[in-house]
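Q: Here it is: the structure, laid out below.
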Amino acid sequence: MRAFQLNGQKTLEYDQKYNQHPWLTGKVNPIAVEKADGIYFWDYEGKRYADMGSQLTNVNLGYGNQEILDAVREQLDILPYVAPKFASGPRAQLAKMLVELAPDNMQKVFFALGGSDSNEAAINMARTVTGRSKIFSRYRSYHGSTLGSGNLSGDPRRFALENPAANGFIKFFDPYVYRSKIRFQNDAEASAFYLDKLREQLLYEGPENVAAIEVESITGANGVIIPPDGYLQGLRKICDEYGILMICDEVMAGFGRTGTMFAFEHWGVKPDIITFAKGVTCGYVPLGGIIISKEIAKYYEDHVFQYGLTYSGHTLACAAGVACVNYYQEHHILDHVNEVGKVLGELLEEQKAKHRCIGDVRYIGLFSAVELVKDKETREPLVPYADTSGKMGKIIGLLNERGFSTYGRENNINITPPLIITEEQLREEIKKFDEVMDIVDRTLE
């Protein structure tokens, strides 16, 4: 019996008996998904769910995209796989396309399989090129779950990898303005504060020991924290001052999610390394990678890059990537994201004004989060940091019951639908969200 012929009962039975799910205990009761199309997926009972989280904010172009499917099928017949030491058409073509999408200081691409190993490669490269050991990253970040990328991450998921730990990973605080006890007057004031604290920490660590500062251009899974204007620009200046590489993690925010191809474009900065995954193939085939600057590429003309993967630049994945990039451009996805994203922002502001449980809404393009609080005045979060009570899980469950599928961390709920969502579909789903927020409000009475 082939896997796709299983019924819903057998799918769940085999899943619970034989699969270990990431980030969960073995006692799990997942939704068994049978099929998907557009922004929706269905369980085996025929219930429809709107994918308002794009799974893990990676299914940017939705399900059943014929252009991506055709590209993969065609490549499967021509050349399904070739080792990384060879050249292949899809790999060469996609690398060229990505360099052309990136800032003009970029030169080459190394392909990985996903965000974790892309960030692992960036760590390797930064340390090798600079000859330095320390890597700075932020507390509310998530960069992956391999030994290096897991220690690079700042949220509690890093704890399992810290003992025994990879060395040289230093954490600093995010420009999380909503959670600051200081009420900044404007972006310039907020940026100056957070950059001054970073500079102070660098001096304590010895900037001559720091290889790179890596940040999510916009913090993703941990609450869509959008940096104040001037922050990324100031970070670029600090890196230049001390000869530190600036790495922008665009795994979640990249490929049109914010209304630009890469999120850092909103602030006009040019990183030294860009890490990417997710939206480059929209989940159709696993792929990630790093885009590196001309200076770094020049270094590796005479030095061996001591990092590799069997499936680096897999031909099927790169074929999917070429199709995705073409689709973003030919179907004017960025324009659509900016148009519908404006509606999303308006709807979220309405939700914030209406509901006592909503303390803050953050949005840019179709990248957004809703922060839940016990009290709007004090901004006390609905659940404390690293809470294990299950309260937020119950709220996500209430959304699921209504066919609104998404995810969140801590006291935030992420709303990151596929970039092809229409205004009508968006309005329909926010009505469901509104119903659940009414329920949460009643718990605060």
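So for the sequence shown, the working numbering puts the first residue at 200; every next one is plus one. Glycine included, C-beta positions come from ideal geometry on N, C-alpha and C. Note that the structure is a prediction, hence the values are computed from the model and not measured.
Write down the C-beta distance between L543 and L565 rounded to the nearest angstrom, noting that I regard them as a contact closer than 8 Å.
A: L543 to L565, Cβ: 6 Å. Contact.
Q: Around the C-beta of Q254, are 16 or more other C-beta atoms found within 10 angstroms, so that it is buried, or is it exposed?
A: That one is buried.
Q: Suppose the cutoff is 6 Å on Cβ atoms and the five residues either side in sequence are ignored; what does the same chain contact list for L486 look like?
A: Excluding positions up to five away in sequence, the list reads V479, T480, A516 and G520.
Q: Is the Cβ of R601 closer than 9 Å to any Cβ of chain D?
A: Here there is only one protein chain, and chain D is not present.
Q: Are the region 400 to 412 and the region 430 to 445 touching by the rule of at least three beta carbon pairs closer than 8 Å?
A: With a cut-off of 8 Å, the region 430 to 445 and the region 400 to 412 count as touching, because enough Cβ pairs lie within range.
Q: Along the chain, which unbroken stretches of the alpha helix (DSSP H) at least 4 residues long are found entirely within the region 429 to 456?
A: Fully enclosed alpha helix (DSSP H) runs of 4 or longer: 430 to 441.
Q: Relative to the C-alpha of G482, which candidate in V450, Q505 and T577 has its C-alpha closest?
A: The shortest C-alpha separation from G482 is found at V450.
Q: Measure the beta-carbon distance from G207 to D236 and round it to whole angstroms, keeping in mind my assumption that it falls under 8 Å.
A: That belief does not hold up - the Cβ atoms of G207 and D236 are roughly 18 Å apart, past 8 Å.
Q: Determine the direct distance from the alpha carbon of S315 to that of E260, and round the result to whole angstroms.
A: Here residue 260 turns out to be Leu, not Glu, going by the sequence shown. Going from the Cα of L260 to the Cα of S315 covers about 22 Å.
Q: Mind the definition here: the region 271 to 280 touches the region 423 to 435 only if three or more C-beta pairs lie below 8 Å; say whether that holds.
A: Because the criterion of three Cβ pairs below 8 Å is not met, the region 271 to 280 and the region 423 to 435 do not touch.
Q: So which of R608, Y562 and S567 has the shortest CA-CA distance to P583?
A: Checked all of R608, Y562 and S567; the closest Cα to P583 is R608.
Q: Just curious, the beta strand (DSSP E) that D559 is in, first and last residue?
A: D559 -> beta strand (DSSP E) spans I557 to I563.
Q: Quick one: residues in its chain with C-beta nearer than 7 Å to the C-beta of P302, no 5 flanking neighbours on either side, listed in chain order?
A: The answer, listed in chain order, is K469.
Q: Quick check: T509 and P279, are their CB atoms within less than 9 Å of each other?
A: No, they are not a contact pair.
Q: How far does the beta strand (DSSP E) with R247 in it extend, from its first residue to its last?
A: Residues R247 to D250.
Q: Can you tell which of L546, V639, I594 and C556 has the C-alpha that lies nearest to the C-alpha of R626?
A: Residue L546 is the option with its Cα nearest to R626.
Q: Looking at the strands, I want to know which residues DSSP matches up with K370.
A: According to DSSP, which records beta bridges pairwise, K370 is partnered with S336.
Q: Determine the burial state of D269: buried for a count of at least 16 other Cβ atoms within 10 Å of its Cβ, exposed for fewer.
A: Label assigned to D269: exposed.
Q: Along the chain, where does the alpha helix (DSSP H) containing N611 start, and where does it finish?
A: Counting along the chain, N611 falls outside any alpha helix (DSSP H), though it belongs to the beta strand (DSSP E) covering N611 to I614.
Q: When DSSP labels each residue in this structure, what does M636 get in the three-state scheme?
A: It is helical.
Q: Pop quiz: T642 and L533 are said to be a contact at Cβ under 8 Å. What is the actual Cβ separation, rounded to whole angstroms?
A: No, T642 and L533 are not in contact; Cβ-Cβ is about 39 Å, not under 8 Å.
Q: Specify, as a first and last residue, the run of the beta strand (DSSP E) that S352 falls within.
A: It is not in any beta strand (DSSP E) - S352 carries neither H nor E in the DSSP assignment.
Q: Rounded to whole angstroms, how far is the Cβ of Y506 from the Cβ of N323, which I believe are closer than 8 Å?
A: Contact holds; Cβ gap of about 5 Å.
Q: Over the uninterrupted alpha helix (DSSP H) stretch that includes S315, give me the two end residues.
A: It spans G314 to T329 - the alpha helix (DSSP H) in which S315 sits, taken as one unbroken run.
Q: Taking C-beta to C-beta, are G488 and A325 nearer than 9 Å?
A: No, Cβ-Cβ distance for G488 and A325 is not below 9 Å.
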